[in-house]
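Taken in sequence, the protein lines are chains A, B, C and D. Read left to right, the first sequence gives residues 1 to 134 (my numbering). Read left to right, the second sequence gives residues 135 to 268 (my numbering). Read left to right, the third sequence gives residues 269 to 402 (my numbering). Read left to right, the fourth sequence gives residues 403 to 536 (my numbering). Backbone N, C-alpha and C define an ideal beta-carbon position, used for all residues, glycine too.
Protein chains: 4
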Amino acid sequence: MSITTDQAAVVIAAGKSAATAQSLPPMNIAVVDDAAHLVAFTRMDGALLGTIDVAQKKARTAALFQLDSAVLGTIAQPGAASYTLEYTNGGLISFAGGIVLRDADGHCIGAVGVSGGTVDQDELVAKSAATALD
Amino acid sequence: MSITTDQAAVVIAAGKSAATAQSLPPMNIAVVDDAAHLVAFTRMDGALLGTIDVAQKKARTAALFQLDSAVLGTIAQPGAASYTLEYTNGGLISFAGGIVLRDADGHCIGAVGVSGGTVDQDELVAKSAATALD
Amino acid sequence: MSITTDQAAVVIAAGKSAATAQSLPPMNIAVVDDAAHLVAFTRMDGALLGTIDVAQKKARTAALFQLDSAVLGTIAQPGAASYTLEYTNGGLISFAGGIVLRDADGHCIGAVGVSGGTVDQDELVAKSAATALD
Amino acid sequence: MSITTDQAAVVIAAGKSAATAQSLPPMNIAVVDDAAHLVAFTRMDGALLGTIDVAQKKARTAALFQLDSAVLGTIAQPGAASYTLEYTNGGLISFAGGIVLRDADGHCIGAVGVSGGTVDQDELVAKSAATALD
Numbered sequence: 001m002s003i004t005t006d007q008a009a010v011v012i013a014a015g016k017s018a019a020t021a022q023s024l025p026p027m028n029i030a031v032v033d034d035a036a037h038l039v040a041f042t043r044m045d046g047a048l049l050g051t052i053d054v055a056q057k058k059a060r061t062a063a064l065f066q067l068d069s070a071v072l073g074t075i076a077q078p079g080a081a082s083y084t085l086e087y088t089n090g091g092l093i094s095f096a097g098g099i100v101l102r103d104a105d106g107h108c109i110g111a112v113g114v115s116g117g118t119v120d121q122d123e124l125v126a127k128s129a130a131t132a133l134d
Numbered sequence: 135m136s137i138t139t140d141q142a143a144v145v146i147a148a149g150k151s152a153a154t155a156q157s158l159p160p161m162n163i164a165v166v167d168d169a170a171h172l173v174a175f176t177r178m179d180g181a182l183l184g185t186i187d188v189a190q191k192k193a194r195t196a197a198l199f200q201l202d203s204a205v206l207g208t209i210a211q212p213g214a215a216s217y218t219l220e221y222t223n224g225g226l227i228s229f230a231g232g233i234v235l236r237d238a239d240g241h242c243i244g245a246v247g248v249s250g251g252t253v254d255q256d257e258l259v260a261k262s263a264a265t266a267l268d
Numbered sequence: 269m270s271i272t273t274d275q276a277a278v279v280i281a282a283g284k285s286a287a288t289a290q291s292l293p294p295m296n297i298a299v300v301d302d303a304a305h306l307v308a309f310t311r312m313d314g315a316l317l318g319t320i321d322v323a324q325k326k327a328r329t330a331a332l333f334q335l336d337s338a339v340l341g342t343i344a345q346p347g348a349a350s351y352t353l354e355y356t357n358g359g360l361i362s363f364a365g366g367i368v369l370r371d372a373d374g375h376c377i378g379a380v381g382v383s384g385g386t387v388d389q390d391e392l393v394a395k396s397a398a399t400a401l402d
Numbered sequence: 403m404s405i406t407t408d409q410a411a412v413v414i415a416a417g418k419s420a421a422t423a424q425s426l427p428p429m430n431i432a433v434v435d436d437a438a439h440l441v442a443f444t445r446m447d448g449a450l451l452g453t454i455d456v457a458q459k460k461a462r463t464a465a466l467f468q469l470d471s472a473v474l475g476t477i478a479q480p481g482a483a484s485y486t487l488e489y490t491n492g493g494l495i496s497f498a499g500g501i502v503l504r505d506a507d508g509h510c511i512g513a514v515g516v517s518g519g520t521v522d523q524d525e526l527v528a529k530s531a532a533t534a535l536d
């Protein structure tokens with residue numbers, strides 16, 4: 001099972017609401033399916049251009065490994081267990097903001113990636129977005 | 135002036151409505167700004183995976199040259215005036231489905247690219263999407 | 269011998285003057301050295317974004333083969349003598365607007381590439397630019 | 403608002419003057435607009451070929467994140483908050499020499515990137531170039 005277009009829209013709307021409600025910087029929010037292909041993307045007005053690619057790579061990272069990007073970041077670092085993993089798959093992101101999306105049974109149906117603020121802000125928005133599917 | 139997040143959402147919603155109303159195959163709809171950076175993207179359930187990139191490249195082509203992709207296609211062909219133009223900028227699309235978005239004064243504010251059906255179906259959806267800004 | 273920074277500035281200034289004097293669309297003008305590495309580049313206000321890469325590829329094409337891009341275009345076409353040549357070197361341009369720059373002895377010292385208008389307009393500006401070194 | 407061709411020429415001339423006045427190595431100076439597209443570029447005679455791309459990537463980095471490349475460098479390092487950020491967007495530069503260009507109101511209008519000497523020398527020239535717009 002993969003996330004649907006409608007579910008992706010719910011995820012993105014929740015992310016936008018969270019960013020706005022907490023007066024965070026404008027964000028990019030990307031949703032990919034369980035095969036890491038893009039389903040939906042929104043850039044909020046004024047989001048930094050460099051973060052368009054970052055948001056998509058975060059979502060892609062989480063879906064490809066069924067692992068939140070912050071977790072992958074603990075192992076894909078110089079000196080860590082899986083150093084150089086981050087260079088595979090066209091480039092993974094090793095910091096927070098990419099969250100696996102799961103169905104009621106816990107199966108991965110895709111992932112959401114958020115970028116535009118600090119790493120903590122991105123993660124907060126990504127978690128709010130992911131929770132919208134519960 | 136560049137297209138806003140809200141305008142991009144209007145464009146995508148109109149494209150989806152057009153595809154659904156006419157029972158066309160599921161489409162990918164991409165909106166880029168006037169500098170060809172992605173603003174919004176939606177993949178309708180079931181759209182062919184290979185068309186995700188095509189939709190984005192169509193939008194990008196139209197924005198980069200302020201020219202609908204179908205027009206570029208008439209000149210970027212073997213034997214035509216600008217053969218090889220299609221290989222620049224990381225790959226352009228030389229067939230229909232990418233439409234320039236303009237403001238009331240006629241200035242380019244971005245572009246929409248649609249892919250998922252036949253070229254004619256893509257173009258029909260792209261035009262419906264673009265018209266939603268009028 | 270390769271073109272100098274000062275000579276490249278002369279070439280670009282001449283190209284800009286020619287475009288302005290004849291009320292042509294805003295142009296991108298790129299100058300590369302005899303090894304096809306970029307020496308100087310200018311985008312005139314309003315030039316189409318997609319033509320930034322085209323101008324550079326035209327200059328690069330001319331320098332790599334010591335052949336104006338319009339000449340290469342006659343042989344690097346489907347059905348022509350060197351079809352597929354245009355796919356080498358990261359992508360060559362097979363239409364006019366790239367002109368070899370030569371010293372007084374006829375040796376190649378670099379090339380200029382122009383893009384922003386029609387192919388004929390680009391070629392006219394490129395020739396005016398190249399002539400400035402005489 | 404984006405930097406104009408004339409403003410970019412002022413920036414580059416100031417960078418060249420600074421490099422020459424202080425007898426620094428020959429530099430590459432690149433100026434991009436606020437969407438990270440190239441506006442102008444100059445390579446001073448004798449500048450190392452490998453630094454042509456570096457200068458452009460520095461300018462691109464600064465514009466994409468509206469952040470001087472030296473600042474990005476403090477966070478995009480192994481062990482730092484945003485390690486792997488530097489691999490996004492086709493490759494960013496995480497050391498000094500890329501400076502955001504701002505208008506009188508503080509809005510980003512583009513960026514300048516300099517490469518050819520030591521990192522400190524590059525940064526010095528980039529700052530001199532950027533200051534010319536004040």
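Could you check whether the Cβ of valine 119 (chain A) sits closer than 9 angstroms to any Cβ belonging to chain D? yes
Would you identify the three-state DSSP class for serine 270 (chain C), choosing helix, strand or coil? coil
So aspartate 524 (chain D) and valine 514 (chain D) are in contact, right, with Cβ under 8 angstroms, and what is the actual spacing, rounded? In fact, because the Cβ distance is near 11 angstroms, the residues do not count as touching under 8 angstroms.
Alpha helix (DSSP H) segments (min. 4 residues) lying fully within the segment 47 to 131 of chain A: 51 to 65, 69 to 75, 119 to 131
Rounded to a whole number of angstroms, what is the C-alpha to C-alpha distance between lysine 395 (chain C) and threonine 422 (chain D)? 32 angstroms
Short CB-CB distance (under 9 angstroms) between histidine 375 (chain C) and chain D: no
Which bits of chain A does threonine 444 (chain D) rub up against, with CB to CB less than 9 angstroms? By Cβ distance, chain A contributes nothing, its closest Cβ being about 24 angstroms from threonine 444 (chain D), past 9 angstroms.
Exposure label - alanine 286 (chain C); buried when at least 16 CB within 10 Å: buried
Using a Cβ-Cβ cut-off of 7 angstroms (strictly less than) and excluding sequence neighbours within five positions of alanine 323 (chain C), which residues of its own chain qualify? Asn296, Ile297, Ala298, Gly381, Val382, Ser383
Distance check for glutamine 290 (chain C) and valine 387 (chain C), CA to CA, integer angstroms please. 15 angstroms
What does a CB cutoff of less than 8 angstroms around glutamine 345 (chain C) pick up in its chain, not counting 5 residues either side in sequence? Tyr351, Glu354, Ser362
Would you say proline 26 (chain A) lies against chain D (beta-carbon separation less than 9 angstroms)? no
How about phenylalanine 41 (chain A) and isoleucine 12 (chain A): are their beta carbons less than 9 angstroms apart? yes
Measure how close the beta-carbons of lysine 57 (chain A) and glycine 91 (chain A) come, nearest whole angstrom, since I'm counting them as under 8 angstroms. 6 angstroms
Grouping DSSP H, G and I as helix and E and B as strand, with all else coil, what is alanine 303 (chain C)? coil
Can you pull the chain A residues whose beta carbon is under 8 angstroms from the beta carbon of threonine 406 (chain D), in chain order? Those do not exist, as threonine 406 (chain D) stays about 19 angstroms from chain A at its closest Cβ, beyond 8 angstroms.
Span separating the alpha-carbon of glycine 366 (chain C) from that of arginine 311 (chain C): 16 angstroms
At least one CB of chain D closer than 9 angstroms to the CB of glutamate 123 (chain A): is that the case? no
What are the residues in the segment 44 to 57 of chain A lying within 7 angstroms of chain B by C-beta distance? Met44, Asp45, Leu49, Ile52
Could you list which residues in chain D have their beta carbon closer than 7 angstroms to that of leucine 306 (chain C), in chain order? Phe443, Arg445, Ile454
Going along chain B in order, which residues have a C-beta closer than 7 angstroms to the C-beta of serine 362 (chain C)? Tyr217, Thr218
What is the rounded straight-line gap between the Cα of alanine 437 (chain D) and the Cα of valine 502 (chain D)? 12 angstroms
Those residues which DSSP pairs with isoleucine 29 (chain A) across a bridge: A:Thr42, A:Val114
Close-in-space but distant-in-sequence residues of the same chain around leucine 466 (chain D) (CB under 8 angstroms, 5 per side omitted): Ala438, Asn491, Leu494
Which residue from A:Ala47, A:Gly110, A:Arg60, A:Leu24 puts its Cα closest to that of glutamine 468 (chain D)? A:Ala47
Cβ of alanine 303 (chain C) less than 9 angstroms from any chain D Cβ? yes
State yes or no: is the C-beta of valine 125 (chain A) within less than 9 angstroms of the C-beta of glycine 15 (chain A)? yes
Comparing the C-beta of alanine 9 (chain A) with each C-beta of chain B, is any distance below 9 angstroms? yes
Can you grab the Cα-Cα spacing for the pair methionine 1 (chain A) / leucine 24 (chain A), in whole Å? 33 angstroms
Return helix, strand or coil for serine 157 (chain B), following the three-state DSSP convention. coil
Given a cut-off of 9 angstroms, decide if valine 300 (chain C) and glycine 378 (chain C) are closer than it, judged by their beta-carbon atoms. yes
Assuming threonine 135 (chain A) and aspartate 179 (chain B) form a contact by the criterion Cβ under 8 angstroms, report the distance between their Cβ atoms to the nearest whole angstrom. Since the first and last residues shown for chain A are 1 and 134, residue 135 (chain A) lies out of range.
I'd like to know whether the C-beta of glycine 79 (chain A) is nearer than 9 angstroms to at least one C-beta of chain D. yes
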